[in-house]
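Residue numbers (the UniProt record's numbering), protein chains in the order written: chain A, 1 to 328; chain B, 1 to 328.
Glycine included, each C-beta is placed from N, C-alpha and C at the ideal position.
Being a predicted model, the structure only gives us computed values, none of them experimental.
Below is one structure, written out as structure tokens; the observations come after it.
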């Protein structure tokens with residue numbers, strides 16, 4: 001059993017535990033051999049099968065009507081699952097317009113209306129659903145929060161945006177999330193049977209340390225629901241994703257709302273998936289769309305063999321370290 | 001006196017100490033006022049003047065004849081200085097062909113023939129000369145070493161490539177620097193009257209931590225003499241530079257040898273300068289060329305005001321830290 005399988009075994013085990021199909025049954029079917037617990041050939045076959053999966057990114061057209069946003073999201077998750085997607089990603093603020101004046105108006109507690117829809121969509125379609133983000137209300141504070149649901153409909157992660165979007169490019173774009181939102185204080189990763197996934201929201205992507213820590217903790221896919229604008233979008237959206245992917249040799253996926261020229265905040269769109277070689281392998285335009293990418297973890301391993309920066313880092317000279325849980 | 005001037009003052013002081021022009025004399029001439037030591041208006045005027053400088057990157061055609069390489073470099077440094085350049089950058093392995101079979105053949109001690117030429121060129125042209133790199137022999141070991149000379153011809157820095165270039169992309173490129181070279185064990189920064197500069201060599205650029213530490217230690221320009229090849233060049237050369245520049249909001253400059261299709265190792269060329277917004281502001285093709293970029297530290301400060309990631313980092317959650325001097 002190689003190192004890769006060693007790493008994936010606990011995840012596979014937990015997958016089978018929750019699956020209706022037993023390990024031994026799968027063993028027979030897959031290999032046409034007698035049932036045999038912990039069979040090496042079986043694990044190897046499954047590991048190969050698990051090394052590829054389809055990711056869908058939903059570039060949702062977001063309106064001011066929450067119910068419409070939720071039902072459209074529900075429909076597109078179903079469409080994505082119908083195309084064989086195992087992990088589905090929604091955009092930042094997928095249930096409401098993005099803007100400091102809207103956050104409190106649309107904010108919900110978690111669990112609440114929007115996360116209930118996400119939970120049902122994940123379960124109905126048997127997918128890992130990264131629910132973009134919604135404005136969350138908790139204890140009198142507002143957060144920009146991403147929830148992730150497993151194929152059983154359970155909430156498996158909540159990520160509150162760590163880095164609030166406060167920028168001021170004169171004559172172009174001024175936005176101060178911190179006027180209304182509070183920041184999260186934790187890194188956020190979740191396991192799937194395929195790979196571990198790191199989560200950030202939009203502006204979080206500008207901070208390389210987050211991606212570095214996720215990849216050092218074995219995430220092979222980073223997802224960033226985001227809503228870059230018409231200034232920073234063309235300048236930095238793709239560059240940041242390609243940088244995170246290449247520097248850490250991971251897959252990176254972003255989901256933006258579709259562009260709405262009539263909105264107070266106009267999103268750049270261009271939801272994207274980048275591979276560990278730094279190449280864009282799937283990209284939306286400005287309109288509503290579902291884009292797909294086949295994530296290939298064997299390819300990722302190959303890249304890390306070819307240009308082995310993950311083992312060549314000079315740990316004797318520098319380190320990226322995670323501090324204790326944030327205290328803000 | 002603003003913070004910027006506070007930071008630059010010691011550097012300016014040391015500049016004036018080494019200069020034939022006295023502070024008071026300059027004060028009179030620049031401001032048409034009575035000589036007055038530590039005059040705030042004077043410092044302010046000088047600081048503004050110092051916030052821009054011209055950088056030249058020499059994409060040298062390197063041959064197997066060391067003497068030719070040195071004299072061509074000498075001529076192009078003169079040309080660059082004639083265009084007002086204050087900092088001049090030469091490529092990796094500028095004095096000899098790049099390749100494991102050549103390193104020992106062309107290796108020199110430092111000081112030696114090649115660094116003597118660099119020292120004279122820096123002094124003759126009154127520039128900071130980042131002397132690309134040369135194969136260095138020291139104590140029976142070989143290094144890929146970058147030397148930097150000040151306008152007085154003094155050696156002010158030696159950087160030995162920290163990350164050796166060991167990659168294997170099947171059917172494309174296999175190269176193992178570590179078969180013949182030993183790695184350096186130190187980060188390398190130097191001061192100029194304009195800004196602090198961080199130095200890496202080629203493959204060092206793939207390791208984001210180095211650039212992060214340089215920028216956290218106030219470098220505003222990073223220089224990477226490098227020689228990417230025909231596989232990694234088109235894929236990663238520009239992306240890595242833009243990533244380093246954008247993530248750290250610094251200027252980044254690379255100098256490659258010109259392309260020689262007959263060489264055993266064919267360099268990609270495309271020496272480049274990127275600004276802190278992540279834009280390519282100057283770029284060579286494949287041929288020998290000198291390219292120029294006006295480095296504008298006020299623009300850098302503006303970018304850092306507009307998208308203030310340098311102050312928004314979550315130091316309570318993560319850190320990039322420098323370990324003790326390497327022990328390898």
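Between which two residues does the alpha helix (DSSP H) carrying residue 238 of chain B extend? 238–248
Residue from A:50, A:230, A:155 with nearest C-alpha to residue 286 of chain A: A:230
With 16 other Cβ atoms within 10 Å as the buried cut-off, status of residue 323 of chain B: exposed
What's the gap between the Cα of residue 185 of chain A and the Cα of residue 139 of chain B? 50 Å
Quick check on residue 280 of chain B - is its C-beta less than 9 Å from some C-beta in chain A? no
Cα-Cα separation, residue 311 of chain A to residue 102 of chain A: 46 Å
Using 8 Å for Cβ pairs, my map puts residue 132 of chain B next to residue 115 of chain B. What's the rounded Cβ distance? Going by Cβ atoms, the distance from residue 132 of chain B to residue 115 of chain B rounds to 11 Å, so no, they are not a contact pair.
Whole-number beta carbon distance between residue 249 of chain B and residue 309 of chain B, since they are thought to touch under 8 Å: 7 Å
So which residues on chain A does residue 163 of chain B lean against when the C-beta distance must stay under 9 Å? 309, 312, 313, 314
In whole angstroms, what is the alpha-carbon distance linking residue 266 of chain A and residue 134 of chain B? 51 Å
Residues of the segment 261–274 of chain B with a CB closer than 7 Å to any CB of chain A: list them in chain order, please. none
What is the DSSP secondary structure of residue 232 of chain A, reduced to helix, strand or coil? helix
Identify, in the order they occur along the chain, each residue of the same chain with its Cβ nearer than 6 Å to the Cβ of residue 293 of chain A, setting aside the five sequence neighbours on each side. 55, 273, 281, 282
Against residue 320 of chain A, what residues of chain B qualify as contacts under a CB-to-CB distance less than 7 Å, listed in chain order? 209, 318, 320
Contact list for residue 236 of chain B against chain A, beta-carbon separation under 7 Å: 246, 278
Output, in chain order, the set of chain A residues within a Cβ distance shorter than 8 Å of residue 152 of chain B. Going along chain A, no residue has its Cβ under 8 Å from residue 152 of chain B, so there is no contact; the nearest lies around 30 Å.
Going by DSSP, which residues form a beta bridge with residue 189 of chain B? B:198
According to DSSP, simplified to helix, strand and coil, what is residue 144 of chain A? strand
For residue 73 of chain B and residue 90 of chain B, which I take to be in contact (beta-carbon distance under 8 Å), what is that distance rounded to the nearest angstrom? 6 Å
Is the number of C-beta pairs between the segment 230–243 of chain A and the segment 192–200 of chain A that are closer than 8 Å three or more? no
Runs of 3 residues minimum, wholly inside the segment 42–101 of chain B: which ones carry the beta strand (DSSP E) assignment? 52–59, 85–89
Reducing DSSP to helix, strand and coil, say where residue 117 of chain B ends up. helix
Residue 297 of chain B to residue 52 of chain B, Cα distance in whole Å? 6 Å
Option in B:210, B:254, B:301 with minimal Cα separation from residue 277 of chain B: B:301
Check distances from the C-beta atoms of the segment 216–232 of chain A to those of chain B and list, in chain order, the residues that come in under 7 Å. none
Segment contact, 8 Å Cβ cut-off, at least three pairs: the segment 60–73 of chain B with the segment 254–261 of chain B: yes
Chain-order list of residues whose beta-carbon lies under 6 Å from that of residue 141 of chain A (same chain, five-residue window excluded): 182
Counting only beta-carbon separations shorter than 9 Å, does residue 301 of chain B have a partner in chain A? no
Residue nearest to residue 64 of chain A in terms of C-alpha spacing, selected from A:95, A:137, A:284: A:95
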